[in-house]
Amino acid sequence: MGWHETKSGSHTIDGVSSYALVRPEQRTPIARYRHSLWLLTQRDLRVRYSTSVLGYFWSILDPLVMAGIYWFVFTQVFDKNVGTEPYIVFLLAALLPWMWFNGAVSDCTRAFLREAKLIRSTRIPRTIWVNRLVLSKGIEFLASIPVLVLFAIVYGAQLHIDALFFPLAMVIQAALTAGVGLLVAPLVVFFRDLERAVKLILRFLFYASPIIYSTTDLPPELQFWAAFNPLTGIFSLYRAAFFPEQLDWFAVAISVVMSLLFLGLGLLVFRRTERAVLKEI
Numbered sequence: 004m005g006w007h008e009t010k011s012g013s014h015t016i017d018g019v020s021s022y023a024l025v026r027p028e029q030r031t032p033i034a035r036y037r038h039s040l041w042l043l044t045q046r047d048l049r050v051r052y053s054t055s056v057l058g059y060f061w062s063i064l065d066p067l068v069m070a071g072i073y074w075f076v077f078t079q080v081f082d083k084n085v086g087t088e089p090y091i092v093f094l095l096a097a098l099l100p101w102m103w104f105n106g107a108v109s110d111c112t113r114a115f116l117r118e119a120k121l122i123r124s125t126r127i128p129r130t131i132w133v134n135r136l137v138l139s140k141g142i143e144f145l146a147s148i149p150v151l152v153l154f155a156i157v158y159g160a161q162l163h164i165d166a167l168f169f170p171l172a173m174v175i176q177a178a179l180t181a182g183v184g185l186l187v188a189p190l191v192v193f194f195r196d197l198e199r200a201v202k203l204i205l206r207f208l209f210y211a212s213p214i215i216y217s218t219t220d221l222p223p224e225l226q227f228w229a230a231f232n233p234l235t236g237i238f239s240l241y242r243a244a245f246f247p248e249q250l251d252w253f254a255v256a257i258s259v260v261m262s263l264l265f266l267g268l269g270l271l272v273f274r275r276t277e278r279a280v281l282k283e284i
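Here the working numbering is used: the first residue of the sequence shown is 4, the next is one more, and so on.
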């Protein structure tokens, strides 16, 4: 066994990074947080799919079934003029990120209650129990992107330069989702009925967000107010990859501001209630 030096200045022992050899207590707080976050996220993904025969395909089966239903209803049954052709690509471009947001927020309602013993017995920052859900659902979202690409190829949807905004949409959505999760997770501990209320709110938000339709399909007097739904600007960034006319920078700006507000509010509520939550669980 021998030491080797990488370009970054870190060392390896026969290909093993020296960072992996450093004891956890010797790492920086940020490094420890990142390491713990990744380990818990990996655990979540392994537990979720280890006993499943289809594994990865379950993460895309639900949005595919939903997309198929809405495609059939709006193109074969009612023949309503909503969205943009190809409609299945238009639908998936917003439905897939919605599954990320919906799944993470739903799971956050049980973030403290499911892991109560482990949370009480560890000293890692408690925000990690929310952020791991946001990250794991985000990884599932990334794993579903090839499905969107496949449908785009099959139906001839042209890829535009605005696809470069895709990572920006993910960053904004991650901030929004984390903020909502940090807000919901501790409050559910004190108000158990909030878990059901969140499910109802998410169901309402699905139809109040431009997923199965575009904001341009709304009456003119509602289009301005629709921009104050933070998901509106985020979905417009995703859709701009194939439908550049869907990009609405006003809605994007509103999404950035509201996502930061939710993140700040979530951190504030989380820190104010953390000790009480630990006593309650």
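All C-beta atoms, glycine included, are put in the ideal place defined by N, C-alpha and C.
Report, in whole angstroms, the separation of the C-beta atoms of residue i and residue j, which I expect to be a contact under 8 Å.
{"i": "I215", "j": "L42", "result": "The Cβ separation is near 38 Å, so there is no contact."}
{"i": "A256", "j": "S239", "result": "About 11 Å; that fails the 8 Å criterion."}
{"i": "L48", "j": "S139", "result": "6 Å"}
{"i": "A244", "j": "A166", "result": "4 Å"}
{"i": "W103", "j": "F144", "result": "4 Å"}
{"i": "V192", "j": "I284", "result": "6 Å"}
{"i": "V259", "j": "I175", "result": "6 Å"}
{"i": "R135", "j": "T44", "result": "5 Å"}
{"i": "D251", "j": "V85", "result": "At roughly 17 Å, the Cβ-Cβ gap does not stay under 8 Å, so D251 and V85 are not in contact."}
{"i": "P247", "j": "Y158", "result": "The pair is not a contact, with the Cβ atoms about 17 Å apart (cut-off 8 Å)."}
{"i": "Y36", "j": "P128", "result": "6 Å"}
{"i": "F168", "j": "V280", "result": "Between V280 and F168 the Cβ distance is about 37 Å, and since that is not below 8 Å, they are no contact."}
{"i": "I91", "j": "A119", "result": "With 8 Å as the limit, I91 and A119 do not qualify as a contact, their Cβ atoms being about 42 Å apart."}
{"i": "V183", "j": "G269", "result": "7 Å"}
Just curious, the alpha helix (DSSP H) that residue i is in, first and last residue?
{"i": "N84", "result": "Element bounds for N84: n/a, residue is neither H nor E."}
{"i": "L145", "result": "131 to 157"}
{"i": "T276", "result": "252 to 283"}
{"i": "S340", "result": "Residue 340 lies beyond the range of the chain shown here (4 to 284); nothing can be said about it."}
{"i": "R123", "result": "119 to 124"}
{"i": "F227", "result": "223 to 229"}
{"i": "F169", "result": "169 to 193"}
{"i": "T112", "result": "Taken as a continuous stretch (DSSP letters only), T112 belongs to no alpha helix (DSSP H), as it is neither H nor E."}
{"i": "S239", "result": "233 to 242"}
Is it the case that the Cβ atoms of residue i and residue j are separated by a distance below 8 Å?
{"i": "A181", "j": "L266", "result": "yes"}
{"i": "V137", "j": "A97", "result": "no"}
{"i": "L197", "j": "L186", "result": "no"}
{"i": "L67", "j": "V150", "result": "yes"}
{"i": "I237", "j": "A172", "result": "yes"}
{"i": "T87", "j": "S212", "result": "no"}
Would you decide whether residue i is buried or exposed? Buried here means 16 or more other CB atoms lie within 10 Å of its CB.
{"i": "E277", "result": "exposed"}
{"i": "S262", "result": "buried"}
{"i": "Y210", "result": "exposed"}
{"i": "I131", "result": "buried"}
{"i": "N232", "result": "buried"}
{"i": "I63", "result": "buried"}
{"i": "W101", "result": "buried"}
{"i": "V133", "result": "buried"}
{"i": "T9", "result": "Confidence in T9 is poor, its pLDDT being 44 and thus under 50, which makes the residue's placement too unreliable to answer from."}
{"i": "F273", "result": "buried"}
{"i": "R242", "result": "buried"}
{"i": "D65", "result": "exposed"}
{"i": "L24", "result": "Any reading at L24 must be qualified, since the residue scores a pLDDT of 42, below 50, and its modelled position is unreliable; the value itself is stated next. Label assigned to L24: exposed."}
{"i": "L121", "result": "exposed"}
{"i": "R177", "result": "Position check: residue 177 holds Ala in this sequence, whereas Arg was assumed. A177 should be labelled buried."}
{"i": "L40", "result": "buried"}
{"i": "L179", "result": "buried"}
{"i": "C111", "result": "buried"}
{"i": "A34", "result": "exposed"}
{"i": "M4", "result": "Annotation note: pLDDT 41 at M4 (below 50); position unreliable, no value reported."}
What do you reckon, is the C-beta of residue i under 7 Å from a heavy atom of the ligand ADP?
{"i": "R49", "result": "This structure does not include the ligand ADP; it has no bound ligands of any sort."}
Three or more C-beta pairs below 8 Å linking the region 221 to 236 and the region 146 to 165: no
Would you be able to state if there are at least three C-beta pairs under 8 Å between the region 70 to 85 and the region 201 to 208? no
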